[in-house]
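For what it's worth, the working numbering labels the leading residue of the sequence shown as 7, then goes sequentially. Ideal Cβ placement from N, Cα and C applies to all residues, glycine included. All of these numbers come straight from a predicted model, not from anything done at the bench. Structure, as structure tokens:
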Amino acid sequence: MWQKSFPPSPRLPQGALPYSCQPFLHGFTLIELLVVIAIIGILSAVVLSNVNSAREKAKFTGAQAQARQLAQSVLLYDSDVGFYPPDVSRGWDPGFSQPLPYDPDNPSAQWNGTCGHCPSDWQTIVQERWRGSYFSVWPGETPWGGEYDYNYWSATTTRYGCVVPPGIYLGVQRDRSDTRESAVPEEDEQYFLDKGLDADGCLNGEIQFLLQRL
């Protein structure tokens with residue numbers, strides 16, 4: 007019987023696999039590269055969001071920690087001296103780190119203000135009865151670039167259109183030049199309003215932490 011003959015198969019080098027059995031090797035396609043880039047972008051955005059969230063949380067907790075410590079300082083000062091420290095200018099220590107008010111940024115400056123709720127010889131009394139320090143170092147710049155301000159308000163007052171009840175407050179306020187850049191951003195201030203921690207009750211670029219009711 008006649009049989010059809012086929013040409014002999016090409017001879018392969020020793021150890022080589024037929025073409026159909028060789029691994030399928032190729033580089034990344036454009037679509038695959040775009041998918042990888044997109045995944046990296048998503049992961050980077052998630053990481054950046056988490057970092058920013060942690061930074062914001064640190065601002066909030068830092069400001070609250072200062073207020074909690076100063077609330078204790080106010081009570082200790084009053085217990086020793088017999089009255090609360092005088093209201094002072096923005097950035098000044100009212101008498102927690104040393105007996106009389108002073109400016110940490112200019113220690114040689116003299117306090118020439120008055121103390122409406124204090125006895126007439128209040129400075130002498132403070133120097134005799136003061137048992138501090140009640141706060142190691144007056145806090146410097148706020149997390150938003152402004153100044154902390156010890157506020158003693160014996161009557162209702164208004165701050166940038168917001169009404170503040172009588173009390174002793176730690177103000178997280180603008181810098182001494184009152185620049186808008188150092189104000190607390192609205193979204194951050196709203197956080198404290200929602201928590202009931204901003205005693206002025208409205209958005210005005212600053213936070214008033216209540217230390218003691220009057």
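- C-alpha of Gly207 to C-alpha of Glu187: approximately 21 Å in a straight line.
- Per DSSP, reduced to three states, the secondary structure at Leu217 is strand.
- The C-beta separation of Gln214 from Gly177 comes to about 5 Å, placing the pair in contact by the 8 Å criterion.
- Rounded to whole angstroms, Gln129 and Gly211 show a C-alpha spacing of 34 Å.
- Exposed is the label assigned to Gly167, since fewer than 16 other Cβ atoms lie within 10 Å of its Cβ.
- Note: Asp99 is bridge-paired with Tyr108 in the DSSP secondary-structure output.
- Scanning its chain for C-beta atoms nearer than 8 Å, with the 5 sequence neighbours on each side dropped, one finds around Arg135 the residues Asp86, Val87, Gly88, in chain order.
- When DSSP states are grouped into helix, strand and coil, Arg135 belongs to the helix group.
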